[in-house]
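Engineer:
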Amino acid sequence: MKLKIFSDQQYLLKSDAVNLNPMLLPFWSNFSETGDYPWMNRHEGYMEIGHTLFDMVPLEEADFVVMPDDWKTVVGELWYSKVNQQAKELYLQFAKKAEEAEKPLIVFFSCDRSDDKVPDLKNAFIFRHSGYRSQKKPRNFIWPSFCEDFVKHYFANQLPIRQKQEKPIIGFCGLTKKDSWKFKFKRIAYYLYILPHWQYRTKCPPFQGHILRNKVLEKLKSSDLVETNFVAENKMVFLGQTS
Numbered sequence: 023m024k025l026k027i028f029s030d031q032q033y034l035l036k037s038d039a040v041n042l043n044p045m046l047l048p049f050w051s052n053f054s055e056t057g058d059y060p061w062m063n064r065h066e067g068y069m070e071i072g073h074t075l076f077d078m079v080p081l082e083e084a085d086f087v088v089m090p091d092d093w094k095t096v097v098g099e100l101w102y103s104k105v106n107q108q109a110k111e112l113y114l115q116f117a118k119k120a121e122e123a124e125k126p127l128i129v130f131f132s133c134d135r136s137d138d139k140v141p142d143l144k145n146a147f148i149f150r151h152s153g154y155r156s157q158k159k160p161r162n163f164i165w166p167s168f169c170e171d172f173v174k175h176y177f178a179n180q181l182p183i184r185q186k187q188e189k190p191i192i193g194f195c196g197l198t199k200k201d202s203w204k205f206k207f208k209r210i211a212y213y214l215y216i217l218p219h220w221q222y223r224t225k226c227p228p229f230q231g232h233i234l235r236n237k238v239l240e241k242l243k244s245s246d247l248v249e250t251n252f253v254a255e256n257k258m259v260f261l262g263q264t265s
């Protein structure tokens with residue numbers, strides 16, 4: 023059984039900042055990414071089967087109304103990004119349209135700030151990349167990021183099978199930061215910056231997770247119980263690098 027969904031491109035911000043909801047890509051394929059990086063093909067599998075899962079229908083026939091853009095277009099990706107008021111007003115108008123039609127609304131909120139508060143939207147389901155259990159609300163769900171098919175792009179469609187070893191190997195590649203006086207000052211700056219928006223913003227500085235991540239990796243490296251294969255980066259984006 024396919025779900026009937028409705029969305030409307032007229033409620034997309036006319037800007038390069040638009041982050042089209044990937045749920046809609048099978049129907050609006052002109053928004054799909056193209057390029058040489060394998061991760062740009064992360065939606066290809068879903069786009070092939072999307073029409074078997076959903077039907078795009080008029081509003082009055084829909085089971086769900088899907089906000090066309092990601093809420094991160096409103097808030098930005100960085101902790102010091104300012105709210106895009108034009109996007110916020112436009113997307114709240116779309117939410118109002120769903121409410122007036124008495125249809126449940128689906129909103130996707132990706133990026134590192136997806137634990138921020140979203141305005142109260144009537145009868146809405148919010149899908150986030152992250153959140154805190156202590157702040158979890160009904161109809162809020164965590165959804166994973168799409169990624170390319172690793173076996174297809176990196177192993178020629180042949181899944182390598184490793185033999186079990188005496189010590190497990192733990193791998194990691196990503197951003198880590200060591201705590202320092204610099205980050206103590208950044209914490210103060212963060213709290214001062216979000217103070218006017220305290221009820222909407224997460225109380226934990228985003229770089230706190232990078233510091234905690236580094237502490238965990240150091241513990242694992244010092245353990246005799248495991249082998250480690252870590253590639254620690256000092257910046258968030260490291261595309262095209264070889265390690």
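Each number in the working numbering comes from the position in the sequence shown (counting from 1) with 22 added on.
We put the beta carbon where it would ideally sit given N, CA and C, even for glycine.
#1: Using 8 Å as the threshold, is the C-beta distance between residue 88 and residue 43 below it?
#2: Please confirm if the stretch 232 to 240 is in contact with the stretch 182 to 201, defined as three or more CB-CB distances below 8 Å between the two stretches.
#3: Would you check if the distance between the CB atom of residue 46 and the CB atom of residue 90 is smaller than 8 Å?
#4: When you compare only the Cα positions, how much space is there between residue 253 and residue 92?
#5: Over what stretch of residues does the alpha helix (DSSP H) that includes residue 69 continue unbroken?
#6: What does DSSP give as the partner residue(s) for residue 91 in the beta ladder?
#7: Check whether the Cβ atoms of residue 65 and residue 172 lie closer than 8 Å to each other.
#8: When burial is assigned at 16 or more other CB atoms within 10 Å of the CB, is residue 204 buried or exposed?
#9: Just tell me which of 102, 185, 40 and 30 has its CA closest to the CA of residue 49.
#10: Counting C-beta neighbours from all protein chains within 10 Å, is the total for residue 211 16 or more, i.e. buried, or is it exposed?
#11: To the nearest angstrom, how far is it from the Cα of residue 242 to the Cα of residue 28?
#12: Going by the DSSP bridge assignment, what does residue 159 pair with across the sheet?
Structural biologist: Put simply:
#1: Taking the first residue of the sequence shown as position 1, residue 88 is located at position 66. Taking the first residue of the sequence shown as position 1, residue 43 is located at position 21. Yes, the pair counts as a contact, with Cβ atoms nearer than the cut-off.
#2: yes
#3: Stepping through the sequence shown from its first residue, residue 46 is reached at position 24. Stepping through the sequence shown from its first residue, residue 90 is reached at position 68. Yes.
#4: Position 231 of the sequence shown, counting from 1, holds the residue named residue 253. Position 70 of the sequence shown, counting from 1, holds the residue named residue 92. Their backbone Cα atoms lie some 31 Å apart in a straight line.
#5: In the sequence shown, counting from the first residue as 1, residue 69 sits at position 47. Here the alpha helix (DSSP H) through residue 69 covers 66 to 75.
#6: To locate residue 91, count along the sequence shown from 1; it is residue 69. Its beta-bridge partners are 42.
#7: Residue 65 sits at position 43 when you count from the first residue of the sequence shown. Residue 172 sits at position 150 when you count from the first residue of the sequence shown. No, Cβ-Cβ distance for residue 65 and residue 172 is not below 8 Å.
#8: As a first step, residue 204 must be located in the sequence shown, where it is residue number 182. With fewer than 16 Cβ atoms within 10 Å of its Cβ, residue 204 is classed as exposed.
#9: Residue mapping note: residue 49 aligns to position 27 of the sequence shown, counting from 1. Ranking 102, 185, 40 and 30 by Cα distance to residue 49 puts 30 first.
#10: Here residue 211 corresponds to residue number 189 of the sequence shown, with the count starting at 1. Classification for residue 211: exposed.
#11: One-based indexing of the sequence shown puts residue 242 at position 220. One-based indexing of the sequence shown puts residue 28 at position 6. Between residue 242 and residue 28, the C-alpha separation is close to 48 Å.
#12: As a position in the sequence shown, residue 159 is number 137, starting the count at 1. BP columns for residue 159 are empty, so no partner.
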